[in-house]
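Trainee: Below you'll find the structure I mean.
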Amino acid sequence: MILLVTGATGAFGQRLIRKLTPCDDIEKIYALGRQNRLDIISRKIEFIEADITEEITIPDEIRCNMTAILHAAAETRFSAPLEEVRRVNVDGLANILNLAFRCPRLDRFGCLSTIYIAGKRTGRVNENEFDHAAGFVNAYEQSKFEAERFLHEHAAHVPVAIYRLSTILGDSRTGEVAKTGAIHEAIRFFYHSLAPMIPGTAETPVDLISSDYAVAAIGRLFCNKFESGKTFHVCAGMDAMPLGEMLNAARECFLRNRPEWRKRAIEMPALVGLETYELFVRSVEEIGNTALQQSVRAIKYFAPQLAYPKTFDDRECASALAGSRVKRPALRDFFPRVVEYLINEKWRRLDTNFPPEPI
Amino acid sequence: MNIGLEAIEYVLPESRRNLEELEVAGALETSAHRLREFGFEYAFTSKEDAFDLASKATAALLKNHDIEPEKIDALFFAGAIASSHSVNQSLEFLSAFNYPACRLQYDFGLLNAIVAGISQTGCMGMMTAVKCAADFLRGSDAENALCVSADVFPSRAKREVIYNVISDGGCALWVRKNATRNFLRAHRQKTKGYYWDCVARRNEIVAAYFPTACAIVRETLADARIDMDQVARVIPHNVSRRSWEILLNLLGINRERLFDENISAIGHIIAADNFINLKDAAERGKISRGDKLLLFNFGFGANWGCMVLEH
Chain A
1 MILLVTGATG
11 AFGQRLIRKL
21 TPCDDIEKIY
31 ALGRQNRLDI
41 ISRKIEFIEA
51 DITEEITIPD
61 EIRCNMTAIL
71 HAAAETRFSA
81 PLEEVRRVNV
91 DGLANILNLA
101 FRCPRLDRFG
111 CLSTIYIAGK
121 RTGRVNENEF
131 DHAAGFVNAY
141 EQSKFEAERF
151 LHEHAAHVPV
161 AIYRLSTILG
171 DSRTGEVAKT
181 GAIHEAIRFF
191 YHSLAPMIPG
201 TAETPVDLIS
211 SDYAVAAIGR
221 LFCNKFESGK
231 TFHVCAGMDA
241 MPLGEMLNAA
251 RECFLRNRPE
261 WRKRAIEMPA
271 LVGLETYELF
281 VRSVEEIGNT
291 ALQQSVRAIK
301 YFAPQLAYPK
311 TFDDRECASA
321 LAGSRVKRPA
331 LRDFFPRVVE
341 YLINEKWRRL
351 DTNFPPEPI
Chain B
1001 MNIGLEAIEY
1011 VLPESRRNLE
1021 ELEVAGALET
1031 SAHRLREFGF
1041 EYAFTSKEDA
1051 FDLASKATAA
1061 LLKNHDIEPE
1071 KIDALFFAGA
1081 IASSHSVNQS
1091 LEFLSAFNYP
1101 ACRLQYDFGL
1111 LNAIVAGISQ
1121 TGCMGMMTAV
1131 KCAADFLRGS
1141 DAENALCVSA
1151 DVFPSRAKRE
1161 VIYNVISDGG
1171 CALWVRKNAT
1181 RNFLRAHRQK
1191 TKGYYWDCVA
1201 RRNEIVAAYF
1211 PTACAIVRET
1221 LADARIDMDQ
1231 VARVIPHNVS
1241 RRSWEILLNL
1251 LGINRERLFD
1261 ENISAIGHII
1271 AADNFINLKD
1281 AAERGKISRG
1291 DKLLLFNFGF
1301 GANWGCMVLE
1311 H
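Now the structure itself:
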């Protein structure tokens, strides 16, 4: 397999390449990115500088021999405006697909997506379901939905599989968080007594996966179990944790790792309806309270998703991984490990404007 | 033993200023427009000191309800700011011990009343005083206690504290062992010392306000053995209407049950809001005999307080 990976220099892309490099089936990996920040050195890997928002030109000898493309590049900022995320997630996909059309030996095209293309749907979401009119919580979700639609409409002659990823929490073995997102910020604000309320109920399922499972599952599904026309949910599925249980687990972790935290007597965030949450967010924006605004803004593009409870079916994925060494670590086991990592690292990988941890 | 709030009197200063006047005077941190959206309209500002307002409220209480001064067994004086706890203070060091509670005891001939001051629960002061009075009556042969509160902001101080418009005022309550109304069914106070530094922890205080408020209201209702549906009226402290809207949503209490007329008309009278509102709600026919009333308050420190009364 001669493979091109887009988004190769991102946190997830790098993990993916590290996972795929030792595979015997893979002869060569072309890592495509805007800037060479690869932290893995191998004779198999070659960096190609390219911006997917522009037409992609690569040398003919590479293009003509390419057999596989794994499209992992994405704009994942929930707060980014729709036009901005569309430019990367939809137009960028179109550019990669154009390249795919010009690869005569291509036998597979894998596209990473998100389970949250389900947007504001509630209930059970199956892997073979796509279209809906429920709307979206943020522009990122909408752009990834549009990207999938673009694939359905324009990739008829390319063997495509879609891998919808859940939210990646961290490494199940070490708790390491390579890239922090809204979920990590939410935990941080709870720790710092800046999370007064979260939309949802105690029973709302929160679907999170470990980074090691995500790369292992995608590696397996793409390299060994590729099925054109299929969509897979790489998610926690029935292992998702209820929101109330998750907040309790975070709290227990704070207490275990920082016994002094108990003295703060911080209440659990109130679980509220979306209307109340939005009223609070609006009020904070109106009063111009910087630190509180910062905490609210960090999660307001993600938190409303919790007001649309849903579970993701992953039977296709489970079936494709059955018999392999890829096992999904239990969320209840690794969640505390990740929280502990965040506490010990003092959320260092997050922005530095936040007040330093006093304990 | 039916301990209750038998009578309430309050006084407001003569000077009332609207938001635009306060804004022009540089007394606001937030725009008048925004504060109006939050439910405020006026603030009362006093040229008299806190003791004068406390004295007027006490005089009105004793006179209007025919209370014999010598039958008062205790006087609890509450003030949220330090200046409320001294009278005629001068450069003379000893004048720092000029306590208003003692002067009230003397001025009104409360010869049998012991006195105590409550100064470190912020805007919760009067509620803490009522709790102290109730506990005092419950644990002794005493029959009657007075709770008095007054605060006057320094003339150059802003009239806004964390997005709430502040008024000066004084209030006096008669807490009685065999009361005929406003029976105290439950009271809770939560103090969270983590938030003691109001300046450094300002953001955390705003964030902690709602979940802690929810917790204490639920616990107090459980103590009173009633549920949210049985609360006939919520008697608030006069913080922003917006924050009440959020809190009521969190608690699942219909907004119409909030007695909120005084938020715009008076503003936040530091420690006395709940009891001023209780008196006005009764006089305006907004509550009936037997109604279960929920009083909630918050004060720096940080302190959260909740009380269930049966009118």
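The listed protein sequences correspond, in order, to chains A and B. Just so you know, we're using the numbering used here here: the first sequence kicks off at 1 and counts up by one. Just so you know, we're using the numbering used here here: the second sequence kicks off at 1001 and counts up by one. All residues carry an ideal CB built from backbone N, CA and C; glycine is no exception.
#1: Could you check how far apart the C-beta atoms of B:Gly1299 and B:Gly1125 are, in whole angstroms? I think they sit under 8 Å.
#2: Counting only the same chain and skipping the five closest in sequence on each side, list residues whose C-beta sits under 7 Å from that of A:Asn65.
#3: Would you say B:Arg1257 lies against chain A (beta-carbon separation less than 7 Å)?
#4: Return the residue from the list A:His71, A:Ser143 and A:Thr231 that minimises the CA-CA distance to A:Ala362.
#5: Given this structure, state the Cα-to-Cα distance separating A:Gly273 from A:Thr201, to the nearest angstrom.
#6: Between which residues of its own chain and B:Asn1254 is the CB-CB distance below 8 Å, once the five residues before and five after are set aside?
#7: Using a beta-carbon distance below 7 Å, is B:Lys1131 in contact with chain A?
#8: Against B:Cys1214, what residues of chain A qualify as contacts under a CB-to-CB distance less than 7 Å, listed in chain order?
#9: With H, G and I counted as helix, E and B as strand and the rest as coil, what does DSSP make of A:Tyr277?
#10: From the DSSP output, which residues share a beta bridge with B:Leu1294?
#11: Could you check the C-alpha separation between B:Glu1310 and B:Phe1259 for me, to the nearest Å?
#12: What number of angstroms, rounded off, separates the C-alpha of A:Ala74 from the C-alpha of A:Arg251?
#13: Out of A:Ser166, A:Thr6 and A:Glu27, point me to the one whose CA is closest to A:Val88's CA.
#14: Looking only at C-alpha atoms, which of A:Ser324, A:Ala265, A:Val326 and A:His184 sits nearest to B:Lys1190?
#15: Below 8 Å on the Cβ atoms is my guess for A:Ile183 versus A:Leu169; work out the distance and round it to an integer in Å.
#16: Taking 7 Å as the threshold (beta carbon to beta carbon), is B:Lys1158 in contact with chain A?
#17: Closer than 7 Å, CB to CB, is A:Pro196 near chain B or not?
#18: What does A:Thr276 reach in chain B if we use C-beta pairs closer than 8 Å?
#19: Applying the 10 Å Cβ sphere with the 16-neighbour rule, what's the burial state of A:Asp207?
#20: Tell me the DSSP secondary structure of B:Asp1135 in three-state form.
#21: Which residue or residues does DSSP assign as beta-bridge partners of B:Asn1164?
#22: Could you pull the DSSP bridge partners for B:Phe1077 from this structure?
#23: Consult DSSP for A:Pro304 and reduce its assignment to one of helix, strand or coil.
#24: Alpha carbon to alpha carbon, how far is B:Gly1039 from B:Ile1269?
#25: Express the C-alpha separation of B:Ala1265 and B:Glu1041 in angstroms, rounding to a whole number.
#26: Give a yes or no on whether the C-beta atoms belonging to A:Leu271 and A:Ile198 are separated by under 7 Å.
#27: Nearest to A:Leu93 by alpha carbon, out of A:Phe78, A:Pro329, A:Leu70 and A:Asp171?
#28: With A:Thr6 as the anchor, note down where its beta strand (DSSP E) starts and where it stops.
#29: Is A:Glu340 helix, strand or coil when you go by DSSP?
#30: Compare the C-beta of A:Glu267 against all C-beta atoms of chain B and say whether one is closer than 7 Å.
#31: Pick from B:Asn1002, B:Leu1022, B:Phe1275 and B:Ala1207: whose alpha carbon is nearest that of B:Asn1238?
#32: Taking contact to mean at least 3 C-beta pairs separated by less than 8 Å, is the region 238 to 248 of chain A in contact with the region 331 to 345 of chain A?
#33: Report buried or exposed for B:Lys1279, applying the criterion of at least 16 other Cβ atoms within 10 angstroms of its Cβ.
#34: Can you tell me the Cα-Cα spacing of A:Ala139 and A:Thr53, whole angstroms?
#35: Mapping the DSSP letters down to three states, classify A:Ala154 as helix, strand or coil.
#36: Sort B:Ala1096, B:Gly1170, B:Phe1183 and B:Thr1058 by Cα distance to B:Phe1108 and report the nearest one.
Mentor: Walking through what the data contain:
#1: With a beta-carbon spacing of about 7 Å, B:Gly1299 and B:Gly1125 fall inside the 8 Å limit used to define contacts.
#2: Here the set comprises Ile2 and Arg105.
#3: No, no contact with chain A.
#4: Outside the shown range of chain A, which is 1 to 359, sits residue 362 of chain A, and nothing can be said about it.
#5: Taking the straight line joining both Cα atoms gives about 8 Å.
#6: Answer for B:Asn1254: Leu1248, listed in chain order.
#7: No - not a single Cβ of chain A is within 7 Å of the one on B:Lys1131.
#8: Within chain A, the residues near B:Cys1214 are Ala270.
#9: Note: A:Tyr277 maps to helix in three-state DSSP.
#10: In DSSP, B:Leu1294 forms a bridge with B:Val1234 and B:Val1308.
#11: Roughly 16 Å separates the two Cα atoms.
#12: Straight-line Cα distance between these residues: approximately 33 Å.
#13: When only C-alpha atoms are compared, the closest one is A:Thr6.
#14: When each option's Cα is compared against that of B:Lys1190, the closest is A:Ala265.
#15: So it is a contact: roughly 6 Å between Cβ atoms.
#16: It does not; no Cβ of chain A falls within 7 Å.
#17: When Cβ-Cβ separations below 7 Å define contact, A:Pro196 makes contact with chain B.
#18: Going along chain B in sequence order, the residues near A:Thr276 (Cβ under 8 Å) are Ile1246, Asn1249 and Leu1250.
#19: It is buried - the Cβ of A:Asp207 has at least 16 other Cβ atoms within 10 Å.
#20: In the structure shown, B:Asp1135 adopts helical secondary structure according to DSSP, grouped into three states.
#21: Per DSSP, the beta bridge partners of B:Asn1164 are B:Val1161.
#22: Paired residue(s): B:Gly1117 and B:Val1148.
#23: It is helical.
#24: B:Gly1039 and B:Ile1269 have their alpha carbons spaced roughly 15 Å apart.
#25: Between the alpha carbons of B:Glu1041 and B:Ala1265 lies a distance of about 6 Å.
#26: In terms of Cβ geometry, A:Leu271 and A:Ile198 form a close pair [threshold 7 Å].
#27: Comparing alpha carbon positions, the residue from A:Phe78, A:Pro329, A:Leu70 and A:Asp171 closest to A:Leu93 is A:Leu70.
#28: Membership of A:Thr6 in the beta strand (DSSP E) is indicated by the continuous run Ile2 to Thr6.
#29: Looking at A:Glu340 - three-state DSSP - the assignment turns out to be helix.
#30: Cβ-Cβ to chain B under 7 Å: yes for A:Glu267.
#31: Out of B:Asn1002, B:Leu1022, B:Phe1275 and B:Ala1207, B:Phe1275 has the C-alpha closest to the C-alpha of B:Asn1238.
#32: Contact annotation: the region 238 to 248 of chain A touches the region 331 to 345 of chain A, with at least three C-beta pairs closer than 8 Å.
#33: Of the residues assessed, B:Lys1279 falls on the buried side of the cut-off, its CB having 16 or more other CB atoms within 10 angstroms.
#34: CA-CA distance, A:Ala139 to A:Thr53, rounds to 17 Å.
#35: Looking at the sequence shown, residue 154 of chain A is not Ala but His. Three-state result, A:His154: helix.
#36: The shortest Cα separation from B:Phe1108 among B:Ala1096, B:Gly1170, B:Phe1183 and B:Thr1058 belongs to B:Thr1058.
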